[in-house]
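Each protein sequence line maps, in turn, to chains C and L.
If you're matching positions, the first sequence starts at 1 in this note's numbering and goes up one per residue.
If you're matching positions, the second sequence starts at 1001 in this note's numbering and goes up one per residue.
Glycine included, every Cβ here is placed at the ideal spot set by N, Cα and C.
Quantities reported herein were computed from a predicted structural model and do not represent experimental measurements.
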Amino acid sequence: MANARALDKRRKSVRNIRKITRTMELIATARFKKAMDRAAAATDYTARITQVVSDLAKSGLEVTHPLLESRDKVQNVRVLLLSANRGLCGGYNGSVLRSAFTQLESLGNQGFSITIDASGKRGISGLKFRGFDINDLWIEFDDQPLFEKVEEIANGYLELYVAGKIDRLEVVYTKFVNISRQVPVVETLLPLGELTSEDNRGEASDDEAPSMYEFLPNAESILKEIVPTSFKVKLFKCFLDAAVSEQIARMVAMKAATENASEIIKDLSMTYNRARQSQITGEIMEIIGGVNALKG
Amino acid sequence: MAEFTCTVVTPETTVLNEKVSSLVLPLFDGQAGVLNNHSSFIGRLTYGELRFTVDGQEKSYYIDGGFAQVDNNVATILTGRVLKIDELDSQKAKEQLEEAFGRKANSPELMELRDREMAQARAQIRLVEKVGT
């Protein structure tokens, strides 16, 4: 039977670990709530932008813009990977990296020249481990990405795209579907494709009344400005989604870890009590044996 | 004075959602005033001062371009960044202006980018000076 003292020591250390995982779970929960609020605000902004676009479309303006059209010949593809700075969040980093690898492989097979950017220490080290070169990397994005910072990155990409240095931008990140479902996805952000997202198109076609708006200075000028803006917001949304998903993943992982620790403590307690009991029994037997020997 | 709702939204948060009695927007081709029952319009904003009156008091913000939509007595302002005037850094803006001046712009796209940075810096400097005097 195992040594009772060693068992007690192990139980203590498991208890300490449980304390840590419990705290991490609580922190992740608080951060998740904050990140979720920000995501909701961003959704509000996107919805309003979409509304303006659909009003523009209703005014009979042909929605065309260089950022919306895909290029005939695609040569340079930029891939941006969004991951976490820290681990201990279950399969979050692993699954986003895995989908990045498959995407990189398929892009490589198609003969594109690929440049990789990455955000998050885990993603960076994961890519480096597989021998990929990283062009640009960021580690300053945590649970609350700032729009200012994301805008800088977005402006950089817009510049490169307009200058013809990149023909396509793909973002690999974890999309937040709902609280119990987050999926790693690859999204093509440049060219933008359709401006009005699918969920809103149904609404727009419901009322076919011509737009009542006056456009200042004119519809074309607004369109020219709104397309880069929606790209920036879309990229920002990717960062926010990744942040929210990370916190959820950490929350779930830490909850499981805490539960596991409790289970282990229960098992260890039982073994410890048994060991203690058998130790006591053993000692009594020894004493009785000694007394009997003296009597005899 | 009759009031209407003014909402200022950035991708991060809703900055303002209040009843205002008047509103002055920095539109792309000049300032535009909005009062109650203004006709519907969608306007492109530029860098500059957003001024509005709440309870007889005039307040202002610096906004970083974006769009304004006025419809049915609701004014919605969509912008990338909103700052209070005293949060502006005129020194940094001057540096940005200098840097933009020195930059080479040999294509229409780059030229537009440079003009944009200049306009942004100039608007910030102008606002800071206006408050300072």
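In the same chain as L:Lys-1104, and ignoring 5 residues on each side of it, the C-beta atoms closer than 8 Å to its own belong to Leu-1110, in chain order.
With a cut-off of 8 Å on Cβ pairs, the segment 152-169 of chain C is in contact with the segment 62-80 of chain C, counting three or more such pairs. Apart from sequence neighbours up to five positions away, the residues of its chain that approach C:Val-177 with a beta-carbon distance below 7 Å are Val-183, ordered along the chain.
Your pair L:Ser-1090 and L:Val-1128 checks out as a contact, with CB atoms roughly 4 Å apart and the cut at 8 Å.
Leaving aside the five residues that flank C:Val-227 on each side, the residues in its chain whose CB is nearer than 8 Å to its CB run, in chain order, His-65, Leu-67, Leu-68, Leu-192 and Leu-195. The three-state secondary structure of L:Ala-1093, taken from DSSP, is helix. Counting only unbroken stretches of 3 or more residues, the beta strand (DSSP E) elements lying wholly within the segment 1015-1048 of chain L are 1022-1027 and 1030-1034, in sequence order. Counting C-beta pairs with one atom in each stretch, the segment 1007-1014 of chain L and the segment 271-289 of chain C have fewer than three that are closer than 8 Å, which means they do not touch. A residue is called buried when at least 16 other Cβ atoms come within 10 angstroms of its Cβ; L:Asn-1072 does not meet this threshold and is exposed.
At a cut-off of 8 Å between beta carbons, L:Leu-1027 contacts chain C.
Of C:Leu-61, C:Arg-31 and C:Glu-286, the smallest CA-CA separation from C:Glu-214 is found for C:Leu-61.
Under the Cβ criterion of 8 Å, L:Phe-1067 is counted among the residues facing chain C. Judged by pairs of C-beta atoms under 8 Å, the segment 252-261 of chain C touches the segment 24-31 of chain C, as three or more such pairs exist. DSSP, reduced to helix, strand and coil, places C:Phe-141 outside both helices and strands of the structure shown, so it counts as coil.
Under the Cβ criterion of 8 Å, C:Tyr-92 is not counted among the residues facing chain L. The segment 1047-1112 of chain L contains, as complete alpha helix (DSSP H) runs of 4+ residues, the segments 1090-1102 (chain order). Neighbours of L:Leu-1050 in chain C, taken as residues at a C-beta separation under 9 Å, are lacking, since the least C-beta distance is about 15 Å. Nearest CB-CB separation between L:Ile-1085 and chain C: not below the 8 Å threshold.
Taking C-beta atoms as the reference points, C:Leu-81 and C:Gly-123 count as a pair closer than 8 Å. Residue C:Leu-88 holds the alpha-carbon nearest to the alpha-carbon of C:Thr-258 among C:Leu-88, C:Glu-148 and C:Asp-241. Note that the segment 108-120 of chain C does not touch the segment 41-58 of chain C; fewer than 3 beta-carbon pairs, one per stretch, sit closer than 8 Å. From the beta-carbon of C:Phe-132, no residue of chain L is found nearer than 9 Å; the closest lies around 30 Å away.
Put simply, the backbone Cα of C:Arg-130 is about 26 Å away from that of C:Asp-143. Secondary structure note for C:Val-74: it is in no alpha helix (DSSP H), with a DSSP letter that is neither H nor E.
Ranked by how close their Cα comes to the Cα of C:Leu-97, the residues C:Val-150, C:Met-285, C:Ile-265 and C:Lys-121 have C:Lys-121 in first place. Chain-ordered listing is empty here: chain L has no CB closer than 9 Å to the CB of C:Val-77, the nearest sitting near 21 Å.
For C:Tyr-45, a Cβ of chain L is located within less than 8 Å of the residue's own Cβ. When the Cα atoms are used, C:Arg-86 and C:Arg-18 turn out to be separated by approximately 19 Å. Taking 8 Å as the CB threshold, L:Glu-1099 stays off the interface with chain C. In the displayed model, L:Glu-1003 falls within coil according to three-state DSSP, outside both helix and strand. Counting only the Cα atoms, C:Phe-141 lies some 12 Å from C:Asp-241.
Going by beta carbons, L:Ile-1085 and C:Ile-222 fall outside the 8 Å limit.
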